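A.B. asks: A single structure is presented below for examination.
Residue numbers (my numbering), protein chains in the order written: chain A, 1 to 130; chain B, 131 to 492.
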C-alpha cells in the first residue's frame with residue numbers, strides 16, 4: 001500500500017489537498033481511495049472558472065467497479081484541471097499524489113482547510129474503517 | 131463467517147492478490163491491475179483459479195436418461211467420448227437454476243461443472259431428480275480447477291500436462307481428454323482459445339507456479355468478468371436466475387426442442403412461454419460516450435423500459451458495453467440510457483462484442 005504523504009491534508013471523503021505557494025490548493029484522491037476503486041477508466045473534471053462549494057461534488061472518477069463523486073474540500077474558484085486525465089485516467093492509480101491530481105481551487109477563504117486531517121489522522125481513520 | 135479457500139490460496143497471497151468474498155469463497159479480485167490482466171489474456175496467456183466452481187460426476191446405467199430429464203440441452207448430442215456442451219438446468223417454471231458445461235466421458239459417465247454460488251442447491255436438486263434412477267451424483271471437491279486462456283494458452287499449457295493428456299493441444303473446441311485424475315478441456319469463459327483444467331488439489335500449486343514461470347499472468351475475477359462480458363457470455367445470478375427463462379436470456383439456442391417427446395424439466399413452461407409470446411430479450415449495448423453502463427441502469431426504448439443486467443468498461447474497445455433485458459417488441463437500433471441523472475444514447479448490438487482479441491463492432 002502507498003505511503004500517505006506527510007505534507008498534505010486529508011478529507012473524510014478521501015480527497016487530499018496540497019496548499020501551493022500561490023495560495024491555491026491542489027486536490028486529488030488518496031492512494032487508499034484509488035485502491036478501493038480499482039483501475040480508473042474515466043475522470044470528469046470541472047470547468048476551469050466554475051465555482052466549487054466545500055462538501056459538494058466537483059468531479060467524478062469512474063473505475064471498472066463504480067462511479068464516485070469527488071468533493072470540493074474548500075469553496076472557491078476552479079483555476080486549473082488536470083487535462084491529461086482525459087486520455088490517461090490510469091495516472092490516478094499510478095501516481096495519486098502527483099501526476100494524478102484532479103483540479104486546483106483558489107479558496108474563497110482558508111479556514112475550511114483547518115477542518116482537514118493530517119496524514120496520521122487520515123491513516124488512523126483508514127485503519128479504523130478496514 | 132469463515133471464507134472457504136482454494137488449494138491456491140497461498141499462491142494468490144504470494145502474487146499480491148487483492149482477495150474478496152465471492153459467494154463465500156476468498157478469491158482474487160485482481161493482482162494489481164484488472165485492466166492489465168484483461169489485456170494479458172487478449173494478447174498472451176492468463177491463468178484463473180476457478181476451483182470454487184464445483185465438479186459433479188454422474189455415473190450409472192441411467193446417467194444419460196437422468197441428464198436428458200435434468201438439462202434443457204440434450205446430452206444425447208454427445209456421441210463421442212470427450213465431447214462437451216453448454217446447458218441450462220431449469221426449474222418447472224422454466225427459470226434457470228444454473229448454467230453449466232457437461233462432458234461425456236464414455237463408460238465413466240458424465241462430468242458437469244457448476245457455479246460456486248449455486249453449487250449446494252444444484253447438487254440437492256440433481257439428487258432429487260435422480261431419485262429412483264440408476265444414476266449417482268457425486269461432487270469432486272478434491273479437484274482443483276484452473277482456466278488458462280489467451281492466444282498463447284495452448285503453447286504454455288501443453289508441455290506442462292501429464293503424458294496422457296499431451297494430445298490436448300490438438301483438441302477442437304468443446305472437446306476434452308483426461309487421465310491420471312487430470313482432465314483438460316478446450317473450453318473457457320473469455321472468447322479466447324485455451325483450456326479449462328481439472329487436476330488433483332495437491333498438484334495445483336506446482337502447476338500454477340510452472341505456468342507463472344512460463345510467463346502466464348495470474349488473472350482475477352475482475353478481469354474474468356470484463357472478458358466474459360466482451361465475449362457476450364451470460365453470468366449466472368446477474369444476467370439470468372430462477373425468475374428468467376433461457377428464452378429471455380439470449381439462450382434459446384441452448385434449448386434442445388427435438389426430439390419433442392424428451393420431457394426435460396421446464397419444457398412445458400418454455401413451450402407455454404413460446405406460445406404466449408416471449409416478453410423480453412437480452413441484447414448487447416454499446417455506449418460511445420464517456421460513462422459506464424452498470425447493472426441496474428435504466429434503458430429507455432420506444433416499446434418500454436428495460437434494465438442493464440451486466441455492464442462495464444470494455445478494456446479492448448475503450449468504451450462501455452452491457453447486456454440488457456428490454457421488451458421483446460423493441461427493435462430500435464438506438465436506445466437511451468439513464469445514467470447518474472443524465473441521458474446518453476446507446477447503440478444496440480448483437481453479442482459477442484470481442485472474439486479472439488478483435489472487435490466485432492461495426
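All C-beta atoms, glycine included, are put in the ideal place defined by N, C-alpha and C.
What you are looking at is a predicted structure, and each value in this text was computed from that prediction instead of being measured.
I want to see whether chain B comes within less than 8 Å of residue 92/A, judged by CB atoms only; does it?
C.D. replies: So, not an interface residue.
A.B. asks: Taking CB distances under 8 Å as the criterion, tell me whether residue 429/B reaches chain A.
C.D. replies: It does not: the Cβ of residue 429/B has no partner Cβ on chain A nearer than 8 Å.
A.B. asks: What are the residues in the stretch 441 to 456 of chain B lying within 7 Å of chain A by C-beta distance?
C.D. replies: Of all residues in the stretch 441 to 456 of chain B, 442 and 443 have a Cβ within less than 7 Å of some Cβ in chain A.
A.B. asks: Residues of chain B with CB closer than 8 Å to the CB of residue 44/A, please, in chain order.
C.D. replies: In chain order: 420.
A.B. asks: List the endpoints of the continuous alpha helix (DSSP H) containing residue 453/B.
C.D. replies: No alpha helix (DSSP H) holds residue 453/B; the beta strand (DSSP E) holding it covers 449 to 457.
A.B. asks: Do you know how far the Cα of residue 324/B is from the Cα of residue 290/B?
C.D. replies: So the two alpha carbons sit approximately 14 Å from each other.
A.B. asks: Is any beta-carbon of chain A found at less than 8 Å from that of residue 473/B?
C.D. replies: Chain A, which has no Cβ nearer than 8 Å to the Cβ of residue 473/B, makes this no.
A.B. asks: What residues from chain A crowd round residue 356/B, counting only those whose CB sits closer than 9 Å?
C.D. replies: The contacting residues are 64.
A.B. asks: Nearest CA to the CA of residue 169/B: which residue from 466/B, 446/B and 474/B?
C.D. replies: Minimum Cα distance to residue 169/B is reached at 446/B.
A.B. asks: By DSSP, does residue 403/B sit in helix, in strand, or in coil?
C.D. replies: Here residue 403/B sits in helix by DSSP.
A.B. asks: Taking C-beta pairs closer than 8 Å, name the residues in chain A that residue 184/B reaches, listed in chain order.
C.D. replies: Under the 8 Å cutoff, chain A gives no residues; its nearest Cβ is about 27 Å from residue 184/B.
A.B. asks: Between the beta-carbon of residue 351/B and the beta-carbon of residue 158/B, is there less than 8 Å?
C.D. replies: Cβ distance < 8 Å, so residue 351/B and residue 158/B count as in contact.
A.B. asks: I'd like to know whether the C-beta of residue 352/B is nearer than 8 Å to at least one C-beta of chain A.
C.D. replies: Yes, contact with chain A.
A.B. asks: Here's a check: name, in chain order, each residue in its chain whose Cβ is nearer than 7 Å to the Cβ of residue 384/B, leaving out the five neighbours to either side.
C.D. replies: Only 202, 203, 216, 217, 218 and 376 meet the Cβ criterion.
A.B. asks: Start and end of the beta strand (DSSP E) containing residue 42/A?
C.D. replies: Taken as a continuous stretch (DSSP letters only), the beta strand (DSSP E) holding residue 42/A covers 40 to 44.
A.B. asks: For the beta strand (DSSP E) containing residue 439/B, list its first residue and its last residue.
C.D. replies: Residue 439/B -> beta strand (DSSP E) spans 434 to 444.
A.B. asks: With distances taken Cα to Cα, identify the nearest neighbour of residue 182/B among 311/B, 155/B, 296/B and 301/B.
C.D. replies: Nearest option by C-alpha distance: 155/B.
A.B. asks: When you compare only the Cα positions, how much space is there between residue 472/B and residue 12/A?
C.D. replies: When rounded, the distance between both Cα atoms is 27 Å.
A.B. asks: Below 9 Å on C-beta distance, what does residue 70/A contact in chain B?
C.D. replies: Result: empty, since nearest Cβ-Cβ is about 14 Å, beyond 9 Å.
A.B. asks: Under 9 Å Cβ-Cβ, which residues of chain B neighbour residue 67/A?
C.D. replies: Residues of chain B passing the Cβ test: 421, 422, 424, 469 and 470.
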